[in-house]
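Engineer: This is the structure, below, for whatever I ask next.
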Amino acid sequence: MKARNVFITGASSGIGKATAYKFAEYGDNLILCARRKENLNEIAQDIKNKWRSHVHIYELDVTNYEDVSSVVKDLEDKDIKIDILVNNAGLASGLDKFQDSSIEDIEKMINTNLKGLIYVTRKVIEQMAGENSGHIINMGSTAGIYAYEKAAVYCASKAAVKTLSDGIRIDIIDKDIKITTIQPGIVQTDFSEVRFHGDSERAEGVYKGIEALQPEDIADVVLYVANQPKRVQITDVTIMANQQG
Ligand code: NDP
């Protein structure tokens, strides 16, 4: 089978990193993006030592539309067509009661989880539509289905990921482009620490009493949906930790 070019945002840690390893092991090529370039360098080197994948890395903040556009343009200039886009970059920031949340934290979540995902999709889909094929896999969350306390804006941003995916699917019905939303429950990553502004004690508390999902569990699902035959489009997958209830 021909190696595909898989573009992953938020590939510097957690689910995005695990997804990069899964696709590389399967034999695909990677375009890895995130703000922490030193992490991407390490990951790319390790992957190249283990498998035959071509790996391109880009330091990219998905909230900057111009930077997103230049990355996609650079790939076009290099004649690299994106076959699969995994929109994974995202965060919860400083979770607190809605009325106590800072506007800075609120903007960070909306700008990254929603606007950033829109920017990347808008640019990549132009290229996919030209080629008339592709697959976009968006990282939502069970938080988009079941709101929980002190997370109204995060939950809303993830509900929007699902609605956006469904809306785009209708608009590109004439193209051979699939769209999938993956909605994970609790996964053990840096996410928890980021959401409590680096307070590791509070972050660890999230995993107390349950065996959390591991990033590899989600990466397995991403690869599974990407490997379906042309006629099959998996629109949504919800994956919870067994004891999450
Ligand atoms: P991590 O914190 O490990 O990963 C988040 C990734 O997003 C990092 O690679 C980070 O890279 C990247 N990122 C954040 N902001 C930006 C930005 N502005 N531009 C580019 N990249 C950015 O957490 P997870 O792996 O858990 O999170 C991955 C996705 O999974 C997120 O969308 C999250 O909402 C979702 N999710 C997580 C769950 C969990 O329980 N962990 C549950 C459900 C969904 P860098 O900092 O280098 O830019």
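Taking the working numbering, the leading residue of the sequence shown gets 667, the next gets one more, and so forth.
Heads up, the beta-carbon is just placed ideally off N, CA and C, and yes, glycines get one too.
Looking at ligand 1, does it come within less than 7 Å of Val728, judged from the CB to the closest heavy atom?
Structural biologist: Here residue 728 refers to the residue found at position 62 when the sequence shown is read from its first residue. True, at least one ligand heavy atom lies under 7 Å from that Cβ.
Engineer: Check each candidate in Asp727, Val738, Ile723, Ala686 and name the one with the smallest Cα separation from Lys716.
Structural biologist: By 1-based counting over the sequence shown, the position of residue 716 is 50. Per the Cα distances, Ala686.
Engineer: With 16 as the cutoff for other CB atoms within 10 Å, does Gly756 come out buried or exposed?
Structural biologist: Counting from 1 along the sequence shown, the entry for residue 756 is found at position 90. Answer is buried; the Cβ neighbour count reaches 16.
Engineer: Taking 6 Å as the limit between beta carbons, can you name the residues of its chain near Arg702, skipping five residues before and five after?
Structural biologist: Taking the first residue of the sequence shown as position 1, residue 702 is located at position 36. Same-chain partners within the cutoff: Ser678.
Engineer: By Cβ distance below 7 Å, which residues in the same chain neighbour Asn798 in space, the five residues on each side in sequence not counted?
Structural biologist: Walking along the sequence shown from the start, residue 798 turns up at place 132. So the qualifying residues of the chain are Lys841, Asp842.
Engineer: Have a look at Lys763 and Tyr731 and give me their C-alpha separation to the nearest angstrom.
Structural biologist: For the purposes of this step, residue 763 is taken as the residue at position 97 of the sequence shown. For the purposes of this step, residue 731 is taken as the residue at position 65 of the sequence shown. Looking at the two C-alpha atoms, the distance is approximately 30 Å.
Engineer: My parser needs the alpha helix (DSSP H) runs of 4 or more residues fully inside the segment 671 to 751; what are they?
Structural biologist: 680 to 692, 703 to 716, 731 to 743
Engineer: Just to confirm my understanding: we take Lys789, look at its own chain, exclude 5 residues before and 5 after, and list those with CB closer than 7 Å. What are they?
Structural biologist: Taking the first residue of the sequence shown as position 1, residue 789 is located at position 123. Contacts found: Val734, Ser735, Val738.
Engineer: How big is the Cα-Cα spacing for Ile925 and Gln765?
Structural biologist: Since the first residue of the chain shown is 667 and the last is 911, residue 925 is not available in this structure.
Engineer: Let me confirm a value: Val898 is counted as buried when at least 16 other C-beta atoms fall within 10 Å, else exposed. Which label applies?
Structural biologist: Numbered from its first residue, the sequence shown carries residue 898 at position 232. Exposed.
Engineer: Which residue comes first and which comes last in the alpha helix (DSSP H) that contains Thr778?
Structural biologist: As a position in the sequence shown, residue 778 is number 112, starting the count at 1. Segment: none, Thr778 is in no alpha helix (DSSP H) and carries neither H nor E.
Engineer: Give every residue of the same chain whose Cβ lies closer than 7 Å to the Cβ of Ile900, excluding the five residues on either side of it in the sequence, and list them in chain order.
Structural biologist: If you number the sequence shown from 1, residue 900 lands on position 234. Closer than 7 Å at the Cβ level, and outside the excluded window around Ile900, lie Thr846, Val891, Gln894.
Engineer: Buried or exposed for Glu729, going by 16 or more other Cβ atoms inside 10 Å?
Structural biologist: To locate residue 729, count along the sequence shown from 1; it is residue 63. The residue asked about is misnamed: residue 729 is Thr in this sequence, not Glu. The residue in question, Thr729, is buried, as its Cβ has 16 or more Cβ neighbours within 10 Å.
Engineer: So what does DSSP say about Leu879, is it helix, strand or coil?
Structural biologist: Sequence index remark: in the sequence shown, residue 879 carries index 213 (1-based). Here Leu879 sits in strand by DSSP.
Engineer: Indicate whether the contact test is met: 3 or more Cβ pairs, each with one atom in the segment 688 to 700 and one in the segment 852 to 871, closer than 8 Å.
Structural biologist: In short, these stretches do not touch, since the Cβ pair count stays below three.
Engineer: Below 7 Å CB to CB, which residues in the same chain sit around Val887 once its five sequence neighbours on both sides are set aside?
Structural biologist: Position 221 of the sequence shown, counted from the start, is the residue given in the question as residue 887. Closer than 7 Å at the Cβ level, and outside the excluded window around Val887, lie Ile848, Val903, Ile905.
Engineer: Taking the beta strand (DSSP E) that Ile845 belongs to, which residues open and close that run?
Structural biologist: Residue numbering aside, residue 845 sits at position 179 when the sequence shown is read from its first letter. In the DSSP annotation of this structure, the continuous segment of the beta strand (DSSP E) that includes Ile845 starts and ends at 842 to 850.
Engineer: Report the three-state DSSP secondary structure of Gly871 (helix, strand or coil).
Structural biologist: For the purposes of this step, residue 871 is identified with residue 205 of the sequence shown, where counting begins at 1. Look at Gly871 here: in three-state DSSP terms it is helix.
Engineer: Out of Leu830, Phe862, Ile791, Ala813, point me to the one whose CA is closest to Met805's CA.
Structural biologist: As a position in the sequence shown, residue 805 is number 139, starting the count at 1. Considering only alpha carbons, the answer is Leu830.
Engineer: Going straight from the alpha carbon of Ile791 to that of Ala878, what length do you get?
Structural biologist: For the purposes of this step, residue 791 is taken as the residue at position 125 of the sequence shown. For the purposes of this step, residue 878 is taken as the residue at position 212 of the sequence shown. Each residue's alpha carbon lies about 33 Å from the other.
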